[in-house]
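Chemist: Let me give you the structure first, and then I'll get to my questions.
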Amino acid sequence: MPASKYEQPKRSWYKRNEIAVTPILFLLPGVFFFAVYVIYPVFQSFNISLYKWDGLGEAEFIGLKNYQKLLEDRAFETSLWNNLKWLVLYLLAIPMGLFISLFLNQKVTGIRLYKSLFFFPFVISQIVVGLVFSWFYDPTFGIFTKMLGLIGLEIKGGVLGNPTAVTYGIIAAGLWPQTAYCMILYLTGLNSVDPEQVEAARLDGAKGWKMLWYVIIPQLKPATFIAFVVTIVGALRSFDLISIMTRGGPFGQSRVLSYYMFEKALSEYGFRMGYGAAIAVVLFMIMLVFIAYFLWSMYQEEKGAH
Amino acid sequence: MFPTPIKKRTRGWQIGYQAMIPVVLIMWLLPLLAVMLFSIKPEADFVAGDYWSLPSSLEGFKNYGKVFFESDMPRYMWNSIRITVPTVIGCMILSSLTGFALGVYKFKANLWIFFMFIAGNFVPFQILMIPVRDLTLDIGLYNTVTGLVLFHVAFQTGFCTLFMRNFIRALPFELIEAARVEGIAEWRIFWYVVLPLMKPALAAMAVLIFTFIWNDYFWAVVLTQGSETQPVTAGITSFNAQYRAAYHLMSAGSIVAALPPVAMFFLMQKHFIAGLTLGAVK
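If you read the protein sequences in the order shown, they are chains A and B. The working numbering puts the first residue of the first sequence at 9, with every later residue one more than the last. The working numbering puts the first residue of the second sequence at 86, with every later residue one more than the last.
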């Protein structure tokens with residue numbers, strides 16, 4: 009408690025209101041930056057999506073016309089579908105990460121080094137991952153092509169040249185670092201699994217899958233939540249891989265909303281800022297569903313903590 | 086411990102397990118090992134269509150030498166450093182302030198401001214792209230390192246605030262109360278009591294932000310162009326256009342570009358993982 013007034017009648021205004029004022033002063037720079045560069049732009053984008061604008065000249069208000077055009081745009085439809093594929097298939101990183109972490113959760117010599125090496129793909133940039141995978145898939149010399157060849161399969165045009173296979177190929181590349189991330193989350197989670205509960209369950213005859221499902225996975229819930237958050241965000245942010253591996257091709261079949269928006273807004277054939285902003289708004293609305301869920305979960309937890 | 090410790094299994098299991106880990110690891114890292122192999126092969130091997138055999142001669146020095154002395158790579162690397170280091174410092178300053186404010190004080194808007202930071206942190210980049218690009222153009226910072234740094238600092242403040250605030254919440258509050266009873270000014274409590282305790286969290290955060298920013302590609306292409314300002318991730322793509330079929334140079338270049346975060350990870354492994362898995366255990 010701050011000392012009361014009558015002790016020191018001449019204390020400054022700041023001194024008297026210190027506890028109330030300090031947090032405001034401390035928050036000011038961070039909140040200012042964040043508002044200018046993150047919060048306000050979100051609203052600006054909503055606004056821009058109602059205009060026809062080449063980024064240089066005068067913007068022309070056209071209401072919801074950009075959104076109407078989106079409904080008829082086949083490329084937009086393809087991107088939206090691909091986003092859905094990304095969202096669903098990217099989640100595979102969670103079980104895959106869990107299984108690798110179970111495989112590695114042992115105490116043998118050198119295991120620490122093995123764990124770090126398994127984590128490796130997450131540390132390198134997606135640009136390098138994309139490059140590496142485009143060689144991996146290369147139709148003339150890629151190891152993947154050679155392996156398929158061994159079992160008598162051939163993908164026409166190579167994985168990245170084939171309109172049907174291409175998105176799956178890129179998602180597989182993205183799963184590589186993402187699985188590594190989920191693995192590290194679960195390794196940390198497994199570390200804190202209550203050994204007494206495991207022993208008790210063992211005495212009750214639980215083992216293998218049953219033990220995993222009923223005893224271990226419930227205890228890994230915080231790790232799973234974070235894995236879910238980062239995987240969803242990662243799936244909707246996929247841009248780098250597409251950009252380096254295919255530039256949206258072949259025939260625009262590997263585009264997702266994030267890439268399509270970039271392409272439209274900063275196109276070589278004249279910027280279409282309004283249309284790009286409309287695509288971004290759609291992407292944002294999809295994300296908003298998840299953001300609301302994340303915040304709601306965190307709110308429940310915050311309430312529980314007080 | 087789950088699964089059952091391998092030590093409790095038969096000798097056969099143990100040997101089988103120990104033998105299996107390296108095999109699985111090699112399969113896991115196969116695409117990377119391929120790049121490493123490429124980077125020490127001579128050009129002649131690729132011309133002859135001989136991709137996967139052992140190198141006919143070891144040309145590691147030559148390939149990496151070319152990347153370092155005859156390409157724009159060092160320039161791009163230097164730009165990456167000029168972008169990454171100030172961003173890390175900026176984030177540490179801003180978020181230790183915001184984290185302290187949100188972690189220590191109780192006021193009405195506290196949780197709302199905190200949630201604003203979290204929500205902003207999850208936003209897709211594309212919804213920010215046009216306004217941020219315009220803003221950067223307007224203040225004359227387009228295609229400058231400063232423009233990119235300012236945005237990165239602002240955006241990462243969201244994640245960093247979450248990080249610092251949760252860390253400060255976990256500190257014993259009695260420390261702060263005791264200091265208040267002593268009549269110590271609030272900013273002094275921040276500086277002399279809380280900041281020293283935040284060192285491990287700041288270290289963990291710094292390593293993470295370093296990696297995130299080093300690996301950023303999207304904002305680099307939105308806010309900068311050309312080898313004067315672009316970081317190494319964007320550099321790799323122009324390198325790719327320039328040396329499309331020169332796999333030996335491309336792979337050496339990629340490895341060089343990927344090295345700093347990898348080195349950071351191995352040097353600061355404990356902090357790195359502590360940071361990434363924050364919240365993964367209760």
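Glycine included, each C-beta is placed from N, C-alpha and C at the ideal position. Note that this is a predicted model, so its numbers are computed, not measured.
Which word fits B:S144, buried or exposed, when buried means at least 16 other C-beta atoms lie within 10 angstroms of its C-beta?
Modeler: Locating residue 144 of chain B in the second sequence gives position 59, counting from the first residue. Contrary to the premise, residue 144 of chain B reads as Glu rather than Ser in this sequence. Buried, by the Cβ-count rule.
Chemist: In its own chain, which residues sit with a C-beta less than 8 Å from the C-beta of A:I53, not counting the 5 before and 5 after it?
Modeler: Residue numbering aside, residue 53 of chain A sits at position 45 when the first sequence is read from its first letter. Sequence inspection shows Ser at residue 53 of chain A; the Ile mentioned does not correspond to that position. Cβ within range, chain order: A285, A288, V289, F292.
Chemist: Can A:S266 and A:F247 be called in contact, C-beta distance under 7 Å?
Modeler: Taking the first sequence and counting its residues from 1, the one referred to as residue 266 of chain A is at position 258. Taking the first sequence and counting its residues from 1, the one referred to as residue 247 of chain A is at position 239. Closer than 7 Å, so yes.
Chemist: For A:A181, count neighbouring C-beta atoms within 10 Å of its own C-beta (all shown protein chains included) and say buried if the count is 16 or more, exposed if not.
Modeler: Indexing the first sequence from 1 puts residue 181 of chain A at position 173. Looking at its Cβ environment, which holds 16 or more other Cβ atoms inside 10 Å, A:A181 is buried.
Chemist: Which bits of chain B does A:Q134 rub up against, with CB to CB less than 9 Å?
Modeler: Taking the first sequence and counting its residues from 1, one reaches residue 134 of chain A at position 126. Per Cβ cutoff of 9 Å: N300, Y302, T318.
Chemist: Buried or exposed: where does B:R94 fall if 16 or more other Cβ atoms within 10 Å of its Cβ makes it buried?
Modeler: To locate residue 94 of chain B, count along the second sequence from 1; it is residue 9. With fewer than 16 Cβ atoms within 10 Å of its Cβ, B:R94 is classed as exposed.
Chemist: List, in order along the chain, the chain B residues whose C-beta lies closer than 7 Å to that of A:A101?
Modeler: Numbered from 1 along the first sequence, position 93 holds the residue referred to as residue 101 of chain A. Near A:A101 there are no residues of chain B at all, since even the closest Cβ is about 14 Å away, more than 7 Å.
Chemist: Just to make sure I have the definition right: I need the residues of chain A whose C-beta is within less than 9 Å of the C-beta of B:N164. Which are they?
Modeler: Here residue 164 of chain B refers to the residue found at position 79 of the second sequence. Here the premise fails: no neighbours, minimum Cβ distance about 14 Å.
Chemist: Check whether the Cβ of A:D62 lies closer than 7 Å to any Cβ atom in chain B.
Modeler: Within the first sequence, the letter at position 54 stands for residue 62 of chain A. By this cut-off, A:D62 is not an interface position.
Chemist: State yes or no: is the beta carbon of A:D248 nearer than 7 Å to at least one beta carbon in chain B?
Modeler: Walking along the first sequence from the start, residue 248 of chain A turns up at place 240. Closer than 7 Å to some Cβ of chain B, the Cβ of A:D248 qualifies, so yes.
Chemist: In chain order, what residues of the same chain have a beta carbon less than 6 Å from the beta carbon of A:T175, not counting five sequence neighbours either side?
Modeler: Here residue 175 of chain A refers to the residue found at position 167 when the first sequence is read from its first residue. Closer than 6 Å at Cβ, skipping near neighbours: N90, K93, S262.
Chemist: Check whether the segment 204 to 224 of chain A touches the segment 129 to 141 of chain A, counting contact only when three or more Cβ pairs, one atom from each stretch, lie closer than 8 Å.
Modeler: As far as the Cβ criterion goes, the segment 204 to 224 of chain A does not touch the segment 129 to 141 of chain A, which means the pair count is below three.
Chemist: With a threshold of 16 other CB atoms inside 10 Å of the CB of A:Q308, please say whether the residue is buried or exposed.
Modeler: Translated into the one-based positions of the first sequence, residue 308 of chain A becomes position 300. When all chains shown are included, A:Q308 counts as exposed.
Chemist: Taking just the CA atoms, how far does B:R167 sit from A:K252?
Modeler: For the purposes of this step, residue 252 of chain A is taken as residue 244 along the first sequence, with counting starting at 1. For the purposes of this step, residue 167 of chain B is taken as residue 82 along the second sequence, with counting starting at 1. Going by the sequence as given, residue 252 of chain A is Ile instead of Lys. For A:I252 and B:R167, the distance between alpha carbons rounds to 24 Å.
Chemist: Indicate the three-state DSSP secondary structure (helix, strand or coil) for A:F69 in the structure shown.
Modeler: Locating residue 69 of chain A in the first sequence gives position 61, where the first residue counts as 1. Three-state DSSP puts A:F69 in a strand.
Chemist: Does the CB of B:Q211 have a neighbour CB from chain A at under 7 Å?
Modeler: The residue you call residue 211 of chain B lines up with position 126 of the second sequence. Closer than 7 Å: yes.
Chemist: Tell me whether A:L211 is buried or exposed, calling it buried when 16 or more other Cβ atoms sit within 10 Å of its Cβ.
Modeler: If you number the first sequence from 1, residue 211 of chain A lands on position 203. The residue is exposed, with fewer than 16 neighbouring Cβ atoms inside 10 Å.
Chemist: Would you kindly report the start and end of the unbroken alpha helix (DSSP H) that includes A:T239?
Modeler: By 1-based counting over the first sequence, the position of residue 239 of chain A is 231. Note, A:T239: alpha helix (DSSP H), 229 to 245.
Chemist: Using a Cβ-Cβ cutoff of less than 6 Å, which residues in the same chain neighbour B:G205 once the five nearest sequence positions on both sides are dropped?
Modeler: Within the second sequence, the letter at position 120 stands for residue 205 of chain B. Excluding residues within five positions, the ones whose Cβ falls inside 6 Å are G243.
Chemist: At the level of alpha carbons, what is the spacing between B:V208 and A:M295?
Modeler: Within the second sequence, numbered from 1, the residue matching residue 208 of chain B stands at position 123. Within the first sequence, numbered from 1, the residue matching residue 295 of chain A stands at position 287. Approximately 7 Å between the Cα atoms of the pair.
Chemist: Are the Cβ atoms of A:F51 and B:Y136 separated by less than 7 Å?
Modeler: In the first sequence, counting from the first residue as 1, residue 51 of chain A sits at position 43. In the second sequence, counting from the first residue as 1, residue 136 of chain B sits at position 51. For A:F51 and B:Y136, no; Cβs fall outside 7 Å.
Chemist: So, does the CB of B:E271 fall closer than 7 Å to a CB anywhere in chain A?
Modeler: Numbered from 1 along the second sequence, position 186 holds the residue referred to as residue 271 of chain B. Yes, its Cβ sits closer than 7 Å to a Cβ of chain A.
Chemist: What three-state label does DSSP hand B:K191 in the structure shown?
Modeler: One-based indexing of the second sequence puts residue 191 of chain B at position 106. Looking at B:K191 - three-state DSSP - the assignment turns out to be coil, as it is neither helix nor strand.
Chemist: With 9 Å as the C-beta to C-beta threshold (strictly closer), list the residues of the segment 16 to 39 of chain A near chain B in chain order.
Modeler: Against chain B - using a Cβ distance shorter than 9 Å - the residues of the segment 16 to 39 of chain A are K23, E26, I27, A28, V29, T30, P31, I32, L33, F34, L35, L36, P37, G38, V39.
Chemist: Can you name, in chain order, every residue of its own chain whose Cβ lies under 7 Å from the Cβ of A:S109, other than the five neighbours on each side?
Modeler: The count along the first sequence starts at 1 and reaches residue 109 of chain A at position 101. Counting only Cβ-Cβ distances below 7 Å, and skipping sequence neighbours, we find M191, Y194, L195, L198.
Chemist: With burial defined as no fewer than 16 other Cβ atoms inside 10 Å of the residue's Cβ, what is the status of A:R280: buried or exposed?
Modeler: Position 272 of the first sequence holds residue 280 of chain A. Flag for A:R280 reads buried.
Chemist: Taking 7 Å as the threshold (beta carbon to beta carbon), is A:P49 in contact with chain B?
Modeler: In the first sequence, residue 49 of chain A corresponds to position 41, counting from 1. So yes, A:P49 belongs to the interface.
Chemist: By the three-class DSSP mapping on this structure, what secondary structure does A:Y122 have?
Modeler: Taking the first sequence and counting its residues from 1, the one referred to as residue 122 of chain A is at position 114. Of the three classes helix, strand and coil, the one that applies to A:Y122 here is helix, per DSSP.
Chemist: Please confirm whether A:P37 and B:A186 have their CB atoms less than 7 Å apart.
Modeler: Stepping through the first sequence from its first residue, residue 37 of chain A is reached at position 29. Stepping through the second sequence from its first residue, residue 186 of chain B is reached at position 101. Not a contact, by the Cβ cut-off of 7 Å.
Chemist: Quick one: grab the DSSP three-state call for A:Y59.
Modeler: If you number the first sequence from 1, residue 59 of chain A lands on position 51. In the structure shown, A:Y59 sits in a strand (DSSP, three-state: E or B).
Chemist: Look at B:N251 and B:Q310 and say whether their C-beta atoms are less than 7 Å apart.
Modeler: Reading the second sequence from its first residue, position 166 is the one you call residue 251 of chain B. Reading the second sequence from its first residue, position 225 is the one you call residue 310 of chain B. For B:N251 and B:Q310, no; Cβs fall outside 7 Å.
Chemist: Can you list, in chain order, the residues of the segment 52 to 79 of chain A whose Cβ is nearer than 7 Å to any Cβ on chain B?
Modeler: Taking 7 Å as the Cβ-Cβ cut-off against chain B, the residues of the segment 52 to 79 of chain A that qualify are Q52, S53, I56.
Chemist: Alpha carbon to alpha carbon, how far is A:A235 from B:I203?
Modeler: Indexing the first sequence from 1 puts residue 235 of chain A at position 227. Indexing the second sequence from 1 puts residue 203 of chain B at position 118. One C-alpha to the other measures close to 16 Å.
Chemist: If we ignore side chains and look at the alpha-carbon of each, how far apart do B:I368 and A:T187 end up?
Modeler: Any property of residue 368 of chain B remains undetermined from this structure, which presents chain B solely from 86 to 367.
Chemist: State yes or no: is the C-beta of B:G150 nearer than 6 Å to some heavy atom of the ligand ATP?
Modeler: By its list of ligands, the structure shown contains no ligand whatsoever, and the ligand ATP lies outside what it can speak to.
Chemist: Do B:V108 and B:G175 have their beta-carbon atoms positioned less than 7 Å apart in this structure?
Modeler: Residue mapping note: residue 175 of chain B aligns to position 90 of the second sequence, counting from 1. Residue mapping note: residue 108 of chain B aligns to position 23 of the second sequence, counting from 1. Contact flag unset, no.
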